[in-house]
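Chains as they are written, first to last, in our numbering: chain A, 1 to 364; chain B, 1001 to 1364; chain C, 2001 to 2364; chain D, 3001 to 3364.
4 protein chains.
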Amino acid sequence: MVAGLKRIGILTGGGDCPGLNAVIRGVAKAAMSGGLEVVGIEDGYLGLIENRMRDLTRLDVSGILTRGGTILGSCNKANPAKYSLPDGAGGWTVRDVRDQVVRNYALAGLDAVVVIGGDGTMSGAAELAARGLNIVGVPKTIDNDLCSTEITFGHDTAVATAADALDKVHTTASSHHRVMVVELMGRYAGWLALHAGVATGADVILIPEIPFHVDKVADYCVKRSRGGRGFTIISVGEGAAPAGHDRFVDRVIDNSPDPIRLGGVGKFVAENVEKLTGLDSRVSVLGHIQRGGTPTAHDRLLATRFAYHAYELLTAGRFGRLVVQRDGKIDSVPLDQVANKVRTVPLDYPLIAAARAFGTCFGE
Amino acid sequence: MVAGLKRIGILTGGGDCPGLNAVIRGVAKAAMSGGLEVVGIEDGYLGLIENRMRDLTRLDVSGILTRGGTILGSCNKANPAKYSLPDGAGGWTVRDVRDQVVRNYALAGLDAVVVIGGDGTMSGAAELAARGLNIVGVPKTIDNDLCSTEITFGHDTAVATAADALDKVHTTASSHHRVMVVELMGRYAGWLALHAGVATGADVILIPEIPFHVDKVADYCVKRSRGGRGFTIISVGEGAAPAGHDRFVDRVIDNSPDPIRLGGVGKFVAENVEKLTGLDSRVSVLGHIQRGGTPTAHDRLLATRFAYHAYELLTAGRFGRLVVQRDGKIDSVPLDQVANKVRTVPLDYPLIAAARAFGTCFGE
Amino acid sequence: MVAGLKRIGILTGGGDCPGLNAVIRGVAKAAMSGGLEVVGIEDGYLGLIENRMRDLTRLDVSGILTRGGTILGSCNKANPAKYSLPDGAGGWTVRDVRDQVVRNYALAGLDAVVVIGGDGTMSGAAELAARGLNIVGVPKTIDNDLCSTEITFGHDTAVATAADALDKVHTTASSHHRVMVVELMGRYAGWLALHAGVATGADVILIPEIPFHVDKVADYCVKRSRGGRGFTIISVGEGAAPAGHDRFVDRVIDNSPDPIRLGGVGKFVAENVEKLTGLDSRVSVLGHIQRGGTPTAHDRLLATRFAYHAYELLTAGRFGRLVVQRDGKIDSVPLDQVANKVRTVPLDYPLIAAARAFGTCFGE
Amino acid sequence: MVAGLKRIGILTGGGDCPGLNAVIRGVAKAAMSGGLEVVGIEDGYLGLIENRMRDLTRLDVSGILTRGGTILGSCNKANPAKYSLPDGAGGWTVRDVRDQVVRNYALAGLDAVVVIGGDGTMSGAAELAARGLNIVGVPKTIDNDLCSTEITFGHDTAVATAADALDKVHTTASSHHRVMVVELMGRYAGWLALHAGVATGADVILIPEIPFHVDKVADYCVKRSRGGRGFTIISVGEGAAPAGHDRFVDRVIDNSPDPIRLGGVGKFVAENVEKLTGLDSRVSVLGHIQRGGTPTAHDRLLATRFAYHAYELLTAGRFGRLVVQRDGKIDSVPLDQVANKVRTVPLDYPLIAAARAFGTCFGE
């Protein structure tokens, strides 16, 4: 036990992710057994800013291992450096409230905080660490696109949910000779659409890393249809886009509204394939379903390992670090080394090669 | 065994529905054990029109009980009275090919056909029965909106899939103080959105039978948010519409495109609630996922009971009848009594009263 | 609202059953919305005897719809007419504490109690009703063997769990040419083993209602093995027994311990089939897994309907009644008409006929 | 493509394991795309010995990715060095038929074989490789106890199945104040009972690596009961044993039958805890359910990666090697370096430390 460590806080920031409660439970149970007091900070950084915290008991963290969501609440937008406040005149003003956070941390008697979150949350954590807060970070993303770690909890559950959806449309597609598009999360990286697609034997996989040609996709559907397998399953990440399309510009070429921004890339693919081929096409948009639900056993174990290593870092006084997995092992890196860039799927990723060998179309 | 019954056909028509294979298997296994030959007719009425049939063996129907889809294929659009054919000039022509069907039925040596399908398929079956074909019908719909039977297989599985999705967004909604909309199937009847909504404790349930006011929904979300439960789960059937909205007209009032027709009612609700309340709102559109997947044990049993009763009707020579459930018991009605109208949720359905008593909002 | 009805209690008795919480929630939410106070009675009749009750709030019953178990706790053995107490001399004495229950009911200011439980619990309820307590009963059993109602919540979930297990062993059995026995609950009635067996296409189904001959089962396994399908799946209810075997006698014939009582009927069947046939045989004993877990959507809906009807009976002042399903509809019967006998599977049950037609072996 | 590689075989040996079909499919699809002929060898080494092989087509391996079992069949006992044959006198004789296997391999025109199996199967593969067969091995075990690789497919699915069972009994245990024992597979290593136990927050975890004291377990149950949490969940691996107990000796001490060998360690623990504490105890024995079912998405991905790497080894002419995962990466090791020993859970495994920190009892 590090000298002086008596009272720790836990907060969860960013979007929802299966396994958050498993990490909270793991850190809290280990800390309580180690004689520490544990404080739950509500709604991410908001709790530190607005001084909303509560002491956690064993009962609070009992039975939460299997639950989705976070018992502490979260907040997508709060960042202590850019906190939005009513300006008193009906509008909003943005302030840097990091000093306030430092004060509230001290007032609450905290000796350290475990911060669980994604890229944005960790940037905030690094800044607070620079102001003297003792912080240990635990990375979280269903998208698997954090560059500091090979894998985080939540991704496995999201892949399982997406694969379940792809499995379900498979039978309909084959019975009804249809093109079935399932749009999955993944704005910047295609891990989820790729993993769920390969795990279910999807015929077409479209991901942000590989710009696609919708006519190539249509040709492929026709080829399958003629070959007697009159159906095609398409797994598409929400960030996938046709070659030459800039997803971050509002309108394209002819001044008409961009259909991809308007209706999503899944609908775009389904409508264009149907138009080009005459084949019946349908789309499902899973949305936030992928962020919820009971975590898989795999994610509960990973979350538990991350939580326990966070506790070990705490008790070793190794603050300012982020728990990661490297070469299959749990480890940690400095919080401020977390590059603020996305880990996309490398084009030489073996599962891409495997899928290509199986005949999967990437729309190239 | 009815005199002369030696060879029967089976066909599946209409949209996909979990349990189709269970019915095929049930009819085929009973018929084979009873000494009958069993012919699988491919792709619904298309197989009868185009003479695509194959003899089924025990092996063909082994192991299919748990599979979604239909091993026989289906076809949404084929109707022997209105069959589309290439006109030789690049276009299409529509013909009445019922005589051709009668001929093919005779050529194939069929003594009877079990027709599994929904409303449209049963209309076709009644017409063919009037031409002398020996037909037993088995009703099928995930929407539960056939007026001739209390329940059909497929609905329970669709409710389970929809409930699973609603359960999953529940944790995210509560952790992230969000409005979560899940759009479910049900163009004309709200059974699916109602059953899945009640089964998961959805806060708002919007169904075609009860025109909604989006401002009432928004007020309800705000009330919940102020009451400390900063989230709302909305289960909406695809056929639900605001009061005064005619879902079957392309454009409304001001000549602008109808947003509900364009993006779906789920997106319409999420966008308007967000606009009216400022609360973060998200939408999932399950789509055909609800039609696929392994049938629940409940649906496998129901499909098996329907199948066995169809076989009993066959062997009793009671043709021209549709298997149904009445007062909790398996029974049959004349095929031609199948009114061509939808069974909507009655407004005095006990689960609506129950949901209202629990405080659920129907947008009224 | 009935005059004077202001405060109601809820208790759950007997073994675990998925959907108990859904009933508690349904009754409590409806009652609270109707302006009633709701008291949770702990651990079945024990709470009434030992005066352990607590007021329930909306928060207490929020989020419990999807959870197995009962938030009120239960007790298998407590019966107010035969309550075991320490006798002060290190042993136990049994007393009739019904007067005490009547007193505690009055002291707690209860105007009525909703009693959720099985046969034993309802016998107790009828006796208390005879002493003047206002009671509405809600039947509960995973075994589906209550004679007063066609179906209760919990059975569908138990069938789903059992079917999932049978589905899982199916692939192993067929790959490894094995006999796979799955022992399911059902001491007196075979509903669970029959329903799960038919829903998964089990080859052999052994239930208490049909005494089996283990050599017939063995012959059937050999026949399948020779026929090229080198595997057999056996669904056996725990109460199934060989013809002539009295399950309720400790030792049989030769004074050696009864292997069925000792190791269970599943193990008995597996060992004897292996001995008689030389075929590799394995057994799984699901046990209490069948009583737990998230209720299926189907059971949540049924539980909710039962709960709402219980509330309607309360407010109508129709006490001394048990909610039931008759002819597919929710209804009620007098509590004291609940015959204390088991509803076994009738031998002319259509699913038995169907299974026989499919070639399923019942060990006859 | 290696010169001369034109025709490859695939076989699966040993016990069932979710993901076998995913490997078969992966190897076959990649090989077919690479222009190779693919031969399915039936029932493990039996197919090589008895010359039972069949050419596989794309159709044969289509749609099998999600299925448990193996389309090729397997055989637990066949070993070319010790093949049992009828001796013509009603008994059996054991012969070394490796020469016959070499002959059949040549006769079938095979250039290489992918062997998928566990320890025993790989020993056989190494011996056949020594006789000149071109072999690539793919390791398989739900137990995760192969010493050559960090992980294999199948384990994740088995953990998921076991965790699901433990989750289910959790609600019953807590509602009914019971001790619930779930016996899981793992004869020599405790990975499954440990992983499933930690993933579900089991209170007691008993594994072969840590001999337990049943009185310590009983004391722990009593402590929990007195502490207000009147229930205990016990995850026990089938190979766990009390300190001093030799699981491989038939009878102990007093000449009475060994209860652990007779009824299993799960039943032993439940009965002794009940005897020592008076607490109601129940046991579930999952058995082969853990080996079956649809593989998790995680296992399908891992199986696919293993399969693709096996194909890469084939085409690179790198025979006599076993695909493995090392430091989180797919790699290979020589087949003959596969030590014939079990990879048990190391006592310093971080999840054991984590579980201890959470208060989990290991019976020590």
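Idealized CB from N, CA, C, for every residue including glycine. From a predicted model like this one, the values you see are computed outputs, not experimental measurements.
Item                                                                                                                                                                  : Value
Which term fits Asn144 of chain A, buried or exposed, when burial requires 16 or more other beta carbons within 10 angstroms of its beta carbon?                      : buried
Going by the DSSP bridge assignment, what does Leu1322 of chain B pair with across the sheet?                                                                         : B:Gly1137 and B:Val1333
Val345 of chain A and Leu190 of chain A - do their beta-carbons sit closer together than 9 Å?                                                                         : In the sequence as displayed, the identity of residue 190 of chain A is Gly instead of Leu. It is a contact, given that the beta carbons lie within the stated cut-off.
Check for me: the alpha helix (DSSP H) holding Arg2095 of chain C runs from which residue to which?                                                                   : Per DSSP, Arg2095 of chain C belongs to no alpha helix (DSSP H); it is in the beta strand (DSSP E), Trp2092 to Arg2095.
Could you check where the beta strand (DSSP E) with Glu183 of chain A kicks off and where it finishes?                                                                : Val179 to Leu184
Excluding five sequence neighbours on each side, which residues of the same chain lie with their C-beta closer than 7 Å to the C-beta of Asn1076 of chain B?          : Gly1014 and Gly1015
Under 7 Å Cβ-Cβ, which residues of chain D neighbour Asp433 of chain A?                                                                                               : Residue 433 of chain A is absent from the structure shown; chain A starts at 1 and stops at 364.
Opposite Tyr2083 of chain C in the DSSP bridges: which residues?                                                                                                      : C:Arg2095
Pairing CB atoms from the stretch 3272 to 3289 of chain D with CB atoms from the stretch 2278 to 2286 of chain C, are three or more of them under 8 Å?                : yes
Confirm, please, whether the CB-CB distance from Phe362 of chain A to Ile116 of chain A is below 9 Å.                                                                 : no
Which residues does DSSP pair with Ser3175 of chain D in a beta bridge?                                                                                               : Paired residue(s): none; Ser3175 of chain D is not in a bridge.
Using 9 Å as the limit for Cβ to Cβ distance, is His3195 of chain D near chain A?                                                                                     : yes
Please state if the CB of Arg3025 of chain D and the CB of Ala3307 of chain D are separated by a distance shorter than 9 Å.                                           : yes
Could you tell me the boundaries of the beta strand (DSSP E) in which Ile3234 of chain D lies?                                                                        : Thr3232 to Gly3237
Cutting at 6 Å between CB atoms, please list the residues of its own chain near His1114 of chain B, excluding the five before and the five after it.                  : The amino acid occupying residue 1114 of chain B in the given sequence is Val; His does not appear at that position. Excluding sequence neighbours, Val1114 of chain B sits near Ile1010, Val1027, Val1136 and Ala1310.
I believe Ile64 of chain A touches Asn104 of chain A by the beta-carbon criterion, under 8 Å. Please report the beta-carbon distance rounded to the nearest angstrom. : Their Cβ separation, rounded to whole angstroms, is 25 Å, which puts Ile64 of chain A and Asn104 of chain A out of contact at 8 Å.
Would you mind telling me which residues of chain D sit closer than 8 Å to Arg2052 of chain C, beta carbon to beta carbon, in chain order?                            : Within 8 Å Cβ-Cβ: nothing; Arg2052 of chain C doesn't reach chain D, min ~13 Å.
So, using beta-carbon positions, are Leu2056 of chain C and Val2101 of chain C closer together than 9 Å?                                                              : no
For Ile2260 of chain C, report the span of its alpha helix (DSSP H) as first-last.                                                                                    : Pro2259 to Gly2263
Any beta carbon of chain C sitting closer than 9 Å to that of His3075 of chain D?                                                                                     : Residue identity check: residue 3075 of chain D is Cys in the sequence provided, not His. It does: the Cβ of Cys3075 of chain D has a partner Cβ on chain C nearer than 9 Å.
If you draw a straight line from the C-alpha of Glu2127 of chain C to the C-alpha of Pro2080 of chain C, how long is it?                                              : 9 Å
What distance in whole Å lies between the Cβ atoms of Ile142 of chain A and Met185 of chain A, which are believed to be in contact at a cut-off of 8 Å?               : 7 Å
Can you give me the C-alpha to C-alpha distance between Met1 of chain A and Arg3226 of chain D, rounded to a whole angstrom?                                          : Since pLDDT at Met1 of chain A reaches only 46, below the 50 mark, its modelled position is unreliable, and the value read off the structure follows with that caveat. In a straight line, the C-alpha of Met1 of chain A is about 30 Å away from that of Arg3226 of chain D.
Just the chain D side, please: which residues come within less than 8 Å of Arg2282 of chain C by C-beta, in chain order?                                              : Gly3287 and His3288
Taking Cβ positions only, does Arg2291 of chain C come closer than 9 Å to chain D?                                                                                    : yes
Please confirm whether Lys267 of chain A and Gly109 of chain A have their CB atoms less than 9 Å apart.                                                               : no
Please state if the CB of Gly2120 of chain C and the CB of Gly2073 of chain C are separated by a distance shorter than 9 Å.                                           : no
Helix or strand or just coil, what does DSSP make of Ile1024 of chain B?                                                                                              : helix
Does the beta-carbon distance from Arg3321 of chain D to Thr3149 of chain D come in below 9 Å?                                                                        : no
Under 8 Å: do the stretch 3235 to 3245 of chain D and the stretch 3203 to 3220 of chain D share three or more Cβ pairs, one atom per stretch?                         : yes
Can you say whether Thr1093 of chain B is buried or exposed, counting buried as having 16 or more other CB atoms within 10 angstroms of its CB?                       : exposed
For the beta strand (DSSP E) containing Ala1112 of chain B, list its first residue and its last residue.                                                              : Ala1112 to Gly1117
Pull up the distance between the alpha-carbon of Asp1280 of chain B and that of Leu46 of chain A, whole angstroms please.                                             : 16 Å
Does any C-beta atom of chain D lie closer than 9 Å to the C-beta of Asp2156 of chain C?                                                                              : no
Between Met2032 of chain C and Ala1355 of chain B, what straight-line distance do the alpha-carbon atoms span, to the nearest angstrom?                               : 13 Å
Taking the alpha-carbon positions, what's the Gly1359 of chain B to Asp1203 of chain B distance?                                                                      : 8 Å
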